[in-house]
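Asks: Pasting a structure here, questions to come.
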Amino acid sequence: MTIEAINEQLLRAIGVGVALLDLETLELSFRNDTFMEWFGGPEASARLADLFPTLDIEALGAELSDGGKFTAETSFKLKRRRMTVAMDFTRAGNAGERIAVLVCQNITRIKELESMIDSYSMMVERNTHEIKREKEQVEKLLLNMMPRSAYEEYKSFGVVAPRIFESVSVLTLDFENFDRILEANDPAVIVSELNDIYTAFDRIGEQFGCERVRTNGDSYFAVSGVPDPVLDHAESVAKAAVRFLRYLSRRNESHPIRWQARLGLASGPVVGSVVGVQKYIYDVFGPAVERATRTRTRAQGMTVAAHPSIRDLLDSRFTLTPLAPAKAQPEPREDLFLLEESNPATATGPA
Amino acid sequence: MEKSLFDKYGGFSTVSKIVMRLYDKLLDDDDVGPFFDDVDMPRLIDHQTKFVATLMGGPASFTDTHIQRAHHNLDIEPLHFDRLKDLIAETLEEFDVAPEDIETVLAAFEARRSLLLDA
């Protein structure tokens, strides 16, 4: 077998479609086996324009007359599979003849894989989006349970180290005769009322730099200065306390249940930390919390009792009247005060 | 959480090959192949990818209504369903999927029989 014969054999059998194109007539003069399998043999038309109607013949001619290359893609059905073939025209070396070699590569699989990657990446993107949304919901829930700085710490380290806050102010609140209100009303009504009231308290507190730590039935507990330091934390809780009462008395005018809140204020150090492993919650405890709770027990309905620890931190905008010593035992040892706003008429702010 | 078959057999890297193999088989098969005569390639590949991912517990999004809607105007006979089931089993065997896992996949497929046949 001569080298030429071997070459021709190879050329016929190769998995790439090969044809020779006469650039004068734009007809094919040679087609190998693969080419014929895809686009037909001598029984089909030899004219390029008939075989590939979508081909831009003019552009092809222009490119090849300068000795350049021309590439295109074509699709056809083989049985029921859509085949895609990349066509590559190259001007043949001999200057005398105007001939180009057409090489056709089967890129069907590449196209199929591209489609699959598209499909898969869309699936993954959608999943990522869903995961992100779920994460945001979890974050929102956790931020309801702890301050953002504690949450960030929890996210990075898996724990929140207890922190001492040397100077903060605490507001605690409960309602007089809560037991009786409970007995006299539908539980669903109570829950909806408390929900309404606590939401208003949260909103007012936020405006004055207080953050609710927790509620427990009829007791509401907020703090100013945790976890971010607040310079005038005493004033924050005092202002919030006064406005809580103002809000409540207005609300009571138009609602069947007359809520009588008792408030206790105090200042001092507290510890802030996430408590619990499985069911964690951010909690604040310490001397200031103890004082505020004790102080509250001395408040009459719709009044604010203040602990001595907060007295010196407040200016003349608030009037502090000493409370008569308690008759009941055990009683707080400290001298407590009744806190009121000095000039409510000029007070600004909501509620 | 138990690992899905999708993850167990190497995630998308393997599943992509399974999808391709199944795609070849579907088109070559003269029972089920004709259903895909007029389906555009990207669309068919998209469906196959989601189909295999769904069966193997991967990140797919085929709901029952989705499946029903995609097949409701096709004349699918029990023979076609069974043939596809065979092709799935065959393909998974070629990729050395353990027999009990093939059973799991086929059961997931079988569970949707009524969605396709009664539609």
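If you're matching them up, the sequences are chains A and B in order.
Per the numbering used here, the very first residue in the first sequence carries number 12; after that it's consecutive.
Per the numbering used here, the very first residue in the second sequence carries number 188; after that it's consecutive.
Idealized CB from N, CA, C, for every residue including glycine.
Does B/H220 come within less than 8 Å of chain A when only Cβ atoms are used?
Replies: Here residue 220 of chain B is taken as the residue at index 33 of the second sequence, counted from 1. The sequence shown places Gly at residue 220 of chain B, not His. Chain A contact via Cβ: present.
Asks: Quick one: what's A/S56 bridged to in DSSP?
Replies: Translated into positions along the first sequence, residue 56 of chain A becomes position 45. Answer is none; A/S56 lacks a bridge partner.
Asks: Given a threshold of 16 other Cβ atoms within 10 Å of its Cβ, counted over all protein chains shown, does A/L347 qualify as buried or as exposed?
Replies: As a position in the first sequence, residue 347 of chain A is number 336, starting the count at 1. Counting Cβ neighbours within 10 Å, A/L347 comes out buried, since at least 16 surround it.
Asks: Thinking just about the alpha-carbon of each residue, which of B/Q235, B/G198 and B/F193 is nearest to the one in B/L213?
Replies: Position 26 of the second sequence, counting from 1, holds the residue named residue 213 of chain B. Per the Cα distances, B/Q235.
Asks: Could you check whether the Cβ of A/R93 sits closer than 8 Å to any Cβ belonging to chain B?
Replies: In the first sequence, counting from the first residue as 1, residue 93 of chain A sits at position 82. Taking Cβ atoms only, chain B reaches closer than 8 Å to A/R93, which makes this a yes.
Asks: Could you check the C-alpha separation between A/L89 and B/F222 for me, to the nearest Å?
Replies: Start at 1 with the first residue of the first sequence, and residue 89 of chain A comes out as number 78. Start at 1 with the first residue of the second sequence, and residue 222 of chain B comes out as number 35. Distance between the alpha carbons of A/L89 and B/F222: 16 Å.
Asks: Quick check: the Cα distance between A/S178 and A/P280, rounded to an integer number of angstroms?
Replies: Start at 1 with the first residue of the first sequence, and residue 178 of chain A comes out as number 167. Start at 1 with the first residue of the first sequence, and residue 280 of chain A comes out as number 269. So the two alpha carbons sit approximately 5 Å from each other.
Asks: Would you list, in chain order, the members of the segment 104-128 of chain A that have their beta-carbon closer than 9 Å to a beta-carbon of chain B?
Replies: Answer set for the segment 104-128 of chain A: T119, R120, K122, E123, L124, E125, S126, M127 and I128.
Asks: Please decide whether A/V149 counts as near chain B, where near means a Cβ-Cβ distance under 8 Å.
Replies: The residue you call residue 149 of chain A lines up with position 138 of the first sequence. Chain B contact via Cβ: absent.
Asks: Any idea which residues DSSP pairs A/Q116 with across the strands?
Replies: Within the first sequence, residue 116 of chain A is the residue found at index 105, counting from 1. DSSP lists A/A97 as partners of A/Q116.
Asks: I'd like to check one pair, A/A103 with A/V112: are the Cβ atoms closer than 8 Å?
Replies: As a first step, residue 112 of chain A must be located in the first sequence, where it is residue number 101. As a first step, residue 103 of chain A must be located in the first sequence, where it is residue number 92. A contact, by the Cβ cut-off of 8 Å.
Asks: With a 10 Å radius around its C-beta and 16 neighbouring C-beta atoms as the bar for buried, classify A/P64 as buried or exposed.
Replies: Numbered from its first residue, the first sequence carries residue 64 of chain A at position 53. Label assigned to A/P64: exposed.
Asks: One question on the structure: do A/R307 and A/D185 come within less than 8 Å of each other, judged by their Cβ atoms?
Replies: As a working mapping, residue 307 of chain A is identified with position 296 in the first sequence. As a working mapping, residue 185 of chain A is identified with position 174 in the first sequence. Result yes, Cβ atoms of A/R307 and A/D185 sit closer than 8 Å.
Asks: For B/Y210, decide whether its Cβ has a neighbour in chain A, counting only Cβ atoms nearer than 8 Å.
Replies: Taking the first residue of the second sequence as 1, we reach residue 210 of chain B at position 23. Yes, B/Y210 lies at the interface with chain A (some Cβ there is under 8 Å from its Cβ).
Asks: Just verifying my parser: in three-state terms, what is the DSSP assignment at A/R91?
Replies: Residue numbering aside, residue 91 of chain A sits at position 80 when the first sequence is read from its first letter. Here A/R91 sits in coil by DSSP.
Asks: Is there a C-beta anywhere in chain B that falls below 8 Å from the one on A/S235?
Replies: The residue you call residue 235 of chain A lines up with position 224 of the first sequence. So no, A/S235 is outside the interface.
Asks: Kindly say whether A/Y231, judged by its beta-carbon, lies nearer than 8 Å to any beta-carbon of chain B.
Replies: Along the first sequence, read from residue 1 onward, the residue named residue 231 of chain A stands at position 220. So no, A/Y231 is outside the interface.
Asks: Going by DSSP, what residue range makes up the beta strand (DSSP E) through A/N227?
Replies: In the first sequence, residue 227 of chain A corresponds to position 216, counting from 1. A/N227 -> beta strand (DSSP E) spans E222 to N227.
Asks: How is the alpha helix (DSSP H) around A/Y209 delimited, first residue to last?
Replies: In the first sequence, residue 209 of chain A corresponds to position 198, counting from 1. It spans P198 to Q218 - the alpha helix (DSSP H) in which A/Y209 sits, taken as one unbroken run.
Asks: With a cut-off of 8 Å, does the C-beta of A/M157 fall near any C-beta of chain B?
Replies: Taking the first sequence and counting its residues from 1, one reaches residue 157 of chain A at position 146. A/M157 does not count as touching chain B.
Asks: Who are the Cβ neighbours of A/L334 in its own chain at under 7 Å, not counting the five residues just before and after it?
Replies: Here residue 334 of chain A refers to the residue found at position 323 of the first sequence. Excluding sequence neighbours, A/L334 sits near R309, A316, L347, F348 and L349.
Asks: CB-CB under 7 Å to B/E189, same chain, minus the five flanking residues each way: which ones, in chain order?
Replies: The sequence position of residue 189 of chain B within the second sequence is 2, counting from 1. Same-chain partners within the cutoff: there are none.
Asks: With the cut-off set at 8 Å, would you say A/A364 and A/M313 are in Cβ contact?
Replies: Nothing about residue 364 of chain A can be reported from this structure: the residues present for chain A run from 12 to 362 only.
Asks: Alpha carbon to alpha carbon, what distance is there between B/T291 and B/I275?
Replies: Position 88 of the second sequence, counted from the start, is the residue given in the question as residue 275 of chain B. Position 104 of the second sequence, counted from the start, is the residue given in the question as residue 291 of chain B. In a straight line, the C-alpha of B/I275 is about 12 Å away from that of B/T291.
Asks: Flag A/V96 as yes if its beta-carbon sits less than 8 Å from any beta-carbon of chain B, otherwise no.
Replies: To locate residue 96 of chain A, count along the first sequence from 1; it is residue 85. Closer than 8 Å: no.
Asks: In chain A, which residues lie with their C-beta within 8 Å of the C-beta of B/K195?
Replies: Against the second sequence, residue 195 of chain B aligns to sequence position 8. Going along chain A, no residue has its Cβ under 8 Å from B/K195, so there is no contact; the nearest lies around 18 Å.
Asks: In the DSSP assignment, find the alpha helix (DSSP H) that holds B/E264 and state where it starts and stops.
Replies: Within the second sequence, residue 264 of chain B is the residue found at index 77, counting from 1. It is not in any alpha helix (DSSP H) - B/E264 carries neither H nor E in the DSSP assignment.
Asks: Report yes or no: is there a C-beta of chain A within less than 8 Å of the C-beta of B/I232?
Replies: In the second sequence, residue 232 of chain B corresponds to position 45, counting from 1. Yes, because at least one Cβ of chain A sits closer than 8 Å to the Cβ of B/I232.
Asks: Does any residue of chain B bring its CB to less than 8 Å from the CB of A/T359?
Replies: Working through the first sequence from its first residue, we reach residue 359 of chain A at position 348. Bear in mind that the predicted position of A/T359 carries a pLDDT of just 49, short of 50, making it too unreliable to give a figure here.
Asks: Assign A/F255 to one of two classes, buried (16 or more other C-beta atoms within 10 Å of its C-beta) or exposed (fewer than that).
Replies: The residue you call residue 255 of chain A lines up with position 244 of the first sequence. Buried, since its Cβ has 16 or more Cβ neighbours within 10 Å.
Asks: Count the other CB atoms within 10 Å of the CB of A/N43; is the residue buried (16 or more) or exposed (fewer)?
Replies: Position 32 of the first sequence, counted from the first residue, corresponds to residue 43 of chain A. Buried: at least 16 other Cβ atoms inside 10 Å.
Asks: With a 10 Å radius around its C-beta and 16 neighbouring C-beta atoms as the bar for buried, classify B/S301 as buried or exposed.
Replies: Residue numbering aside, residue 301 of chain B sits at position 114 when the second sequence is read from its first letter. Per the 10 Å Cβ criterion, exposed.
Asks: Give the interface partners of A/N18 over in chain B, defined as CB-CB distance under 8 Å, in chain order.
Replies: Against the first sequence, residue 18 of chain A aligns to sequence position 7. The premise fails here: A/N18 is roughly 33 Å from chain B at the closest Cβ pair, so nothing lies under 8 Å.
Asks: Let me check one thing: in DSSP terms, what residues is A/R42 bridge-paired to?
Replies: Within the first sequence, residue 42 of chain A is the residue found at index 31, counting from 1. Bridge partners of A/R42: A/A30.
Asks: Determine which residues of the segment 231-265 of chain B have a Cβ less than 9 Å from any Cβ of chain A, and write them out in chain order.
Replies: Those residues of the segment 231-265 of chain B that come within reach of chain A (Cβ to Cβ, closer than 9 Å) are L231, I232, D233, H234, Q235, T236, K237, A240, G245, P246, A247 and S248.
Asks: Determine, using beta carbons only, whether A/A303 and A/T226 come nearer to each other than 8 Å.
Replies: Here residue 303 of chain A refers to the residue found at position 292 of the first sequence. Here residue 226 of chain A refers to the residue found at position 215 of the first sequence. Taking 8 Å as the Cβ cut-off, A/A303 and A/T226 do not qualify as a contacting pair.
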